[in-house]
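Chemist:
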Amino acid sequence: MKRLKLKFLMLSALLALASPEIVLAESSFSGALPNIHGKSLTTPVGWGAAYGTVFVGAGGTIPAPYSNESDAAMGLGIGIGNPREYVGLEASVMSLDLSDWERYSLNLKVHRYLGHGNSIAVGVENILIGDSSNNRTDADESYYIVYSQGVQGQQLVNDETNRTKLHYSIGIGNGRFRDKSPLDVDNGKGKHGTAVFGNVSYELFDEFNAIADWNGVNLNAGVSKTIMLGRQSALVASLGAADLTGYSGDGVRFIWSVGAGIMF
Numbered sequence: 001m002k003r004l005k006l007k008f009l010m011l012s013a014l015l016a017l018a019s020p021e022i023v024l025a026e027s028s029f030s031g032a033l034p035n036i037h038g039k040s041l042t043t044p045v046g047w048g049a050a051y052g053t054v055f056v057g058a059g060g061t062i063p064a065p066y067s068n069e070s071d072a073a074m075g076l077g078i079g080i081g082n083p084r085e086y087v088g089l090e091a092s093v094m095s096l097d098l099s100d101w102e103r104y105s106l107n108l109k110v111h112r113y114l115g116h117g118n119s120i121a122v123g124v125e126n127i128l129i130g131d132s133s134n135n136r137t138d139a140d141e142s143y144y145i146v147y148s149q150g151v152q153g154q155q156l157v158n159d160e161t162n163r164t165k166l167h168y169s170i171g172i173g174n175g176r177f178r179d180k181s182p183l184d185v186d187n188g189k190g191k192h193g194t195a196v197f198g199n200v201s202y203e204l205f206d207e208f209n210a211i212a213d214w215n216g217v218n219l220n221a222g223v224s225k226t227i228m229l230g231r232q233s234a235l236v237a238s239l240g241a242a243d244l245t246g247y248s249g250d251g252v253r254f255i256w257s258v259g260a261g262i263m264f
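Dropping the structure here:
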């Protein structure tokens, strides 16, 4: 199985969203927090796991870029710290190849809740662990900073949950947010993207989020739903379409992810 860039994008977003915001939800804050559903498909958000959270996820693409085959990856992570009083730290390890389980990457994020539905994070993705050969289609290490906002306003807040329906993030980074893959370069797509990335989500029918995101090299759109399994555990699932423009890749593809988190 080839290690392809898009599966890394998919799972990195999943791991950031697979943990419930239970402690924040039960704390006393001014302003409404974002809803519980996923807010991004392929980009980071300013929120993260904390307070002793463990989460697991899997994601994939059908087909993989420049291939007729599907591709998938999975990962496991933890969250510690207190982002309300100090900072939270989210750390995850991802298997880059499910066919041999020999290549892994480490992702780290430090995040801070700013109040009034705002959060900020700095992080690094894709610190390679193990065999780093055959790295033709994977992203290099990617450093980023991202700010997220749950938009306030009477018309945007769900009266029953006191959660805001509209959420956006804006960030900047290097690596996968700026550099296109060697296969993109070989196919005349250019070497660099925008470095700036962002996402926007809106809750539909009080049931799920509709999402659009720009990851620096292409546009993606989809839906995400989170199901609370208890006061301290949750399941999240996302479906979408990636590479909606000709800016990178070789066509539109289906992407998916599932994840679960529990706070001890």
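For the sequence shown, full-length UniProt numbering begins at 1 and goes up steadily by one.
Just so you know, even glycine gets a beta-carbon here, dropped at the ideal spot from N, CA and C.
Which residue wins for smallest C-alpha separation from Tyr143, given the options Glu207, Ser169, Asn174?
Modeler: Nearest of Glu207, Ser169, Asn174 to Tyr143, Cα basis: Asn174.
Chemist: For the alpha helix (DSSP H) containing Val185, list its first residue and its last residue.
Modeler: Its alpha helix (DSSP H) spans residues 182 to 186.
Chemist: Along the chain, which unbroken stretches of the beta strand (DSSP E) at least 3 residues long are found entirely within the region 198 to 261?
Modeler: List check, beta strand (DSSP E) in window: 208 to 214, 219 to 230, 233 to 242.
Chemist: Tell whether a beta-carbon distance below 9 Å holds between Arg253 and Glu203.
Modeler: The answer is no: Cβ separation not under 9 Å.
Chemist: Taking a contact to mean a Cβ-Cβ separation below 9 Å, would you say Ser92 touches Gly46 in this structure?
Modeler: No, the Cβ-Cβ distance between Ser92 and Gly46 is not below 9 Å.
Chemist: Given this structure, state the Cα-to-Cα distance separating Ser105 from Glu141, to the nearest angstrom.
Modeler: Cα to Cα, Ser105 sits roughly 9 Å from Glu141.
Chemist: Would you call Met228 buried or exposed, if buried means 16 or more other Cβ atoms sit within 10 Å of its Cβ?
Modeler: Classification of Met228: exposed, given that the 10 Å Cβ count is below 16.
Chemist: Check whether the Cβ atoms of Gly193 and Asn220 lie closer than 9 Å to each other.
Modeler: No; because the gap between Cβ atoms is not below 9 Å, this pair is not in contact.
Chemist: Which residues in the same chain as Ile22 place their Cβ atom closer than 6 Å to its Cβ, once the five residues preceding and following it in sequence are excluded?
Modeler: Note on Ile22: pLDDT 45, under 50, position unreliable in the model; the coordinate value appears next. Excluding sequence neighbours, Ile22 sits near Gln232, Met263.
Chemist: Determine the contact status of Gly222 and Gly198, defining contact as a CB-CB distance below 9 Å.
Modeler: Not closer than 9 Å, so no.
Chemist: When you compare only the Cα positions, how much space is there between Arg112 and Lys39?
Modeler: C-alpha separation (whole angstroms): 17 Å.
Chemist: In the DSSP output, what is Gly59 paired with across the bridge?
Modeler: Its beta-bridge partners are Ala73, Ser257.
Chemist: Are Ala54 and Val87 touching if we call contact CB-CB under 9 Å?
Modeler: Checking the sequence, you will find Val at residue 54 rather than Ala. Against a cut-off of 9 Å, the Cβ pair of Val87 and Val54 comes out as no contact.
Chemist: Quick one: Cα of Leu183 to Cα of Arg84, how far?
Modeler: Computed Cα separation, rounded: 42 Å.
Chemist: So, with DSSP's three-state summary, where would you put Gly175?
Modeler: Helix at Gly175.
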